[in-house]
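Peer 1:
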Amino acid sequence: MRYRPHIDGLRTLAIIPVIIYHLKLPIGSRDLLPGGFLGVDVFFVVSGYLITLILLREQAETGKISILWFYKRRARRILPALFLVIFASLLAGWFVMLPSDLERLAFSTVASLTFLSNVYWFFELGEYGAQSGLLQPMLHT
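Residue 35 in our numbering sits at position 37 of the sequence shown, with consecutive numbering throughout.
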């Protein structure tokens, strides 16, 4: 697939409200963007569009879609960044976290590595965007 700069632009625009949401910038008695996760939704729509294009092109070229090949490509692209984030988070956590927070980081890291993050955070926080989840490095895995 050829590079499409306008799609990167959409992704950039989608991330900005999420960053502003996490900064908790007050405007009067409210935060600047209390619904900042709309950017996450836009990001997922753009990603879904790209994934669909890739799969449709593969089907057109080969007559089939290989889910195994799809996930191999995704793993080669995503896992190096995931490992870097995990390593940096564990290193920083060792120096700045209390033992109870470090234990939570360890459990959430294992959940990330086993692709069970959503299950872990569902039981740990009880709701998406819970106040206790704001300072969890592995929350977005």
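Cβ coordinates follow ideal geometry from the N, Cα and C atoms, glycine included.
#1: Could you check the C-alpha separation between Gly46 and Tyr69 for me, to the nearest Å?
#2: In whole angstroms, give me the CA-to-CA distance for Leu8 and Leu66.
#3: Is Ile25 helix, strand or coil when you go by DSSP?
#4: To the nearest angstrom, how far is the alpha carbon of Phe35 from that of Ile52?
#5: According to DSSP, simplified to helix, strand and coil, what is Gln134?
#6: Run the CB neighbour count on Tyr1, radius 10 Å, all protein chains shown included, and call it buried at 16 or more, exposed below.
#7: If you follow the alpha helix (DSSP H) that Pro97 is in, where does it begin and where does it stop?
#8: Report the rounded CA-to-CA distance for Thr112 versus Phe81, giving the unit in angstroms.
Peer 2: According to the data block:
#1: Rounded to whole angstroms, Gly46 to Tyr69 spans 14 Å at the Cα level.
#2: Leu8 and Leu66 have their C-alpha atoms spaced approximately 28 Å apart.
#3: DSSP places Ile25 in strand when its eight states are reduced to three.
#4: For Phe35 and Ile52, the gap between their C-alpha atoms comes out near 26 Å.
#5: In this structure, Gln134 counts as coil in the three-state DSSP scheme.
#6: Looking at its Cβ environment, which holds fewer than 16 other Cβ atoms inside 10 Å, Tyr1 is exposed.
#7: Pro97 to Leu111 is the span of the alpha helix (DSSP H), which, as asked, contains Pro97.
#8: Each residue's Cα considered, the two are about 13 Å apart.
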